[in-house]
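**Student:**
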């Protein structure tokens, strides 16, 4: 990935962090669902269940789901299986219009979903084409375990959240969780969500599979 200002040479943004990590899992460093912000100076992406941003100045971590050892299914900005298959939503976050805090400083905002699949059933699927070159012949290498919501069983639970920040200033991070179920306890799915042009946020949750309601309110 290369990023640059106009009339400047592109700078490579590495796909690996600059500091070494004790975790050698390649998926830890994969970047998915990249999106430019409104003035195309920042790129947000999902890495290891958390939201990050990157620019020519480096990376900045915005959320910290991966640090929660009590629930390793919790993630920020991702999309669970049911949303993709049944409701065709393939993203878990959305850039908001920036807020000008001073003449030269803008507070960036991202609306995102924090999702847990702790109560979703685990299904074991046989690997149709296990690698013959794998160094181990253990039976566990031929199967995959995935979270799959069976009919009538528990689904993933998502909370709508906002993170506000000044780019590359870690102490500027402000997180807010929007407790939709406190006002609308029937909410089960958050099918779509995003921002209106004037800075309002909107969300379209469903109380049941066949019912749809639209909510909209100002950010305080």
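Numbering (full-length UniProt numbering), first residue to last: 1 to 220. By construction, the Cβ of each residue, glycine as well, lies at the ideal position given by its N, Cα and C atoms.
Do the region 152 to 161 and the region 113 to 123 meet, that is, are 3 or more Cβ pairs less than 8 Å apart?
**Tutor:** A contact exists between the region 152 to 161 and the region 113 to 123.
**Student:** Taking the alpha carbon of residue 58 as the reference point, which residue from 41, 186, 48, 178 has its own alpha carbon closest?
**Tutor:** Taking the chain shown and counting its residues from 1, the one referred to as residue 58 is at position 58. Of the listed residues, the one whose Cα sits closest to residue 58 is 41.
**Student:** Closest by CA to residue 192, which one among 149, 63, 111, 64?
**Tutor:** Sequence index remark: in the chain shown, residue 192 carries index 192 (1-based). Nearest option by C-alpha distance: 111.
**Student:** Between which residues of its own chain and residue 74 is the CB-CB distance below 6 Å, once the five residues before and five after are set aside?
**Tutor:** Residue 74 sits at position 74 when you count from the first residue of the chain shown. Only 65, 68, 116 meet the Cβ criterion.
**Student:** Quick one: Cα of residue 56 to Cα of residue 31, how far?
**Tutor:** Position 56 of the chain shown holds residue 56. Position 31 of the chain shown holds residue 31. About 16 Å.
**Student:** Could you check where the alpha helix (DSSP H) with residue 180 kicks off and where it finishes?
**Tutor:** If you number the chain shown from 1, residue 180 lands on position 180. Its alpha helix (DSSP H) spans residues 180 to 183.
**Student:** Assuming residue 97 contacts residue 195 under a Cβ cut-off of 8 Å, what Cβ separation, rounded to an integer in Å, is found between them?
**Tutor:** For the purposes of this step, residue 97 is taken as the residue at position 97 of the chain shown. For the purposes of this step, residue 195 is taken as the residue at position 195 of the chain shown. Contact flag correct, Cβ pair sits at about 6 Å.
**Student:** Can you tell me the Cβ-Cβ gap for residue 225 and residue 145, rounded? I've got them flagged as a contact below 8 Å.
**Tutor:** The first residue shown for the chain is 1 and the last is 220, placing residue 225 beyond what the model contains.
**Student:** Taking 7 Å as the cut-off, decide whether the C-beta atoms of residue 33 and residue 91 are in contact.
**Tutor:** For the purposes of this step, residue 33 is identified with residue 33 of the chain shown, where counting begins at 1. For the purposes of this step, residue 91 is identified with residue 91 of the chain shown, where counting begins at 1. Yes, they are a contact pair.
**Student:** Whole angstroms is fine: what's the gap from residue 60's alpha carbon to residue 166's?
**Tutor:** Position 60 of the chain shown, counted from the first residue, corresponds to residue 60. Position 166 of the chain shown, counted from the first residue, corresponds to residue 166. If I take the Cα positions, the gap works out to 10 Å.
**Student:** Count the other CB atoms, across all protein chains shown, that sit within 10 Å of the CB of residue 143; report buried if there are 16 or more and exposed otherwise.
**Tutor:** Position 143 of the chain shown, counting from 1, holds the residue named residue 143. Its Cβ having fewer than 16 others within 10 Å, residue 143 is exposed.
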